[in-house]
Amino acid sequence: MNYWLVKTEPEKYGWSHFTAQGRAVWDGVRNYQARNNLAAMQLGDQVLFYHSVSNPAVVGVATVMREAYEDPTAPAEPNGKPTPWCVVELEPTLVFTQPVPLAQIKAEPMLANMGLIKQSRLSVMPVKPDEFDQILGWGMGEARKG
DNA sequence: GCCAACGTTGGC
DNA sequence: GCCAACGTTGGC
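Residue numbers (the UniProt record's numbering): 1 to 146.
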């Protein structure tokens, strides 16, 4: 089982859209590093769902329900080449009882090496199991450390 | 709204 | 292939 984090702007596609819809085709990724991460996702992997821009915070957990396939929203490639872009399908599995703000993640030394902090512009990234556990614990109401 | 980080584009 | 210019993302 692998762990990931995906970013979304809540004004464009937030957690409430996601839960209302029940399943999301995670399309529109146009960055190769993010694409590589999407392509590496496996059925059942757990994904932290992060709201960027306004009130940046992890708000819940999603599960990978379908592995990568061609992004139907990608523009056609010249010469009929297959598109390099792909999507996965996600379903919401767990809503945090309290969102975990970026500031809290930044303040925890154990999480200082997360891609979320080190590479703030990447929109799909791997998360280590202990990082996932820490954030999940906070999100489900464990006492805060600081 | 500003600015830093960083990916992409295009001139050479 | 290098690098400057530019666009986009996202934190504050």
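Even glycine gets a Cβ: it sits at the ideal position worked out from N, Cα and C.
The Cβ-Cβ distance between Pro92 and Thr19 falls below 8 Å.
With contacts defined by Cβ atoms closer than 8 Å, Lys12 and Ser123 do not form a contacting pair. If you draw a straight line from the Cα of Thr73 to the Cα of Lys128, it is about 30 Å long. Taking a contact as a CB-CB distance under 8 Å, the pair Pro82 and Asn2 does not count as one, their CB atoms being some 25 Å apart. Taking a 10 Å sphere around the C-beta of Val53, we find fewer than 16 other C-beta atoms and assign the residue as exposed. Note that the C-beta distance between Leu90 and Val64 is below 8 Å.
Just measuring C-alpha positions, the residue of His51, Arg30 and Trp15 sitting nearest Arg23 is Trp15. Exposed is the label assigned to Ile117, since fewer than 16 other Cβ atoms lie within 10 Å of its Cβ. In the structure shown, the three-state DSSP call for Leu122 is coil. Residue range Trp15 to Gln21 is occupied by the alpha helix (DSSP H) that includes Thr19. Met140 places its beta carbon 8 Å or farther from that of Val88. Per the coordinates, the alpha-carbon of Gln119 lies some 10 Å from the alpha-carbon of Asn113. Using a 10 angstroms sphere on the CB of Leu111, the tally of other CB atoms reaches 16 or more, which defines it as buried. Using a Cβ distance threshold of 8 Å, Cys86 and Arg35 count as a contacting pair.
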